[in-house]
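One structure is given here, and the rest of the page talks about it.
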Amino acid sequence: MYLSDHDIKQAVKDGTITIRDFDPKRLGSVSYDVILDNDFIVTDVHNTPVIDPVKKIFPQTKEHHVKDGDAFYLFPGETVLGKVRDFVGSDTYLIQISGKSSLARVGLVVHNTAGLINPGHFLNLTLELSNINRVPLVLRPGMQIAQFVFSTLTSSVENNYKKVGRFSKDNWAHFKPAKKRKSSKK
C-alpha cells in the first residue's frame, strides 16, 4: 500500500521517514518530487574497451560538476550517473524512485533497474540517467528530476539494510574515477 500526501507528511514529522530539508511544495498526492544535484559520473568511452561485471571489469569514469544555472547535456543513447540533492531513508517503509511523466515523454529514464531504497538505507540516491530520445536532453542542477513513492510493508524486515547493505550513504563513491596513487618507492 502506498502512502498518501497526508501519510508522507506525518511520517516525516514523526521521523519514520527522513527527508532532509523537506519541502511541502514538492509533495504530490502519493509522491515527493526530488531535485537533481550538481555532480555527474560519465563513462570514459576512450578508456573503457569493455565492461564485464562478472570479471569485475567496470568502466573508467570521469566526474563532472555542473554549477547551478548551467546545463549538462545528455546525448542520445548515453547513460550517466547523477545524484539527487534530497537525503532520504526510512527504517519502516520501502522507498521507490519513479520518473516524472513530463520527462519520460521526452526520453529521459531516471533509473534503469535500481529503483528501490530498502528499509534502513539512508542516502542521496544515485540515478541511472539515460537518454532514449534521438536528440540531446538538457539537465540542470536544481530541476525536479524524479519522485519518491513510499510503501508500507506487511511486517518489519529481518535484514535491515544497515546490517546487510552493499552501499553506504555515500553510494556515489563506488563509481567515482580511481585517483592516481603516489608510489612509495623512490
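So in my numbering, spot 6 of the sequence shown is number 6, and the numbers just go up one at a time. For glycine and all other residues, C-beta sits at the position ideal for the given N, C-alpha and C. Keep in mind the model is a prediction, meaning the values are calculated, not measured.
- Of the other Cβ atoms in all chains shown, 16 or more fall within 10 Å of the Cβ of residue 119; this residue is therefore buried.
- Rounded to whole angstroms, the gap between the alpha carbons of residue 92 and residue 16 is 6 Å.
- Look at residue 108 here: in three-state DSSP terms it is strand.
- In this structure the segment 32-44 touches the segment 141-152; the number of beta carbon pairs closer than 8 Å is three or more.
- With respect to the C-alpha of residue 136, the residue from 159, 56, 108 having the closest C-alpha is 108.
- For residue 146, the enclosing beta strand (DSSP E) has its first and last residue at 144-151.
- For residue 157, there is no enclosing beta strand (DSSP E), as DSSP marks it with neither H nor E.
- Within the same chain, and ignoring the five residues on either side of residue 133 in sequence, the residues whose Cβ sits closer than 7 Å to its Cβ are 76, 106, 107.
- Counting of Cβ neighbours within 10 angstroms places residue 153 among the exposed residues, the total staying below 16.
- Cβ contact annotation for residue 60 (same chain, cutoff 6 Å, sequence separation greater than five): 44, 47, 48, in chain order.
- Each residue's CA atom was taken as its position, placing residue 159 and residue 121 some 11 Å apart.
- Following the DSSP letters along the chain, one finds residue 5 in no beta strand (DSSP E) but inside the alpha helix (DSSP H) bounded by residues 5-14.
- Partner residues in the beta bridge of residue 27, as assigned by DSSP, are 32.
- By the neighbour-count definition (other C-beta atoms within 10 Å, threshold 16), residue 66 is a buried residue.
- In the DSSP annotation of this structure, residue 133 is not part of any beta strand (DSSP E), being labelled neither H nor E.
- In this structure, the alpha-carbon of residue 138 lies about 16 Å from that of residue 99.
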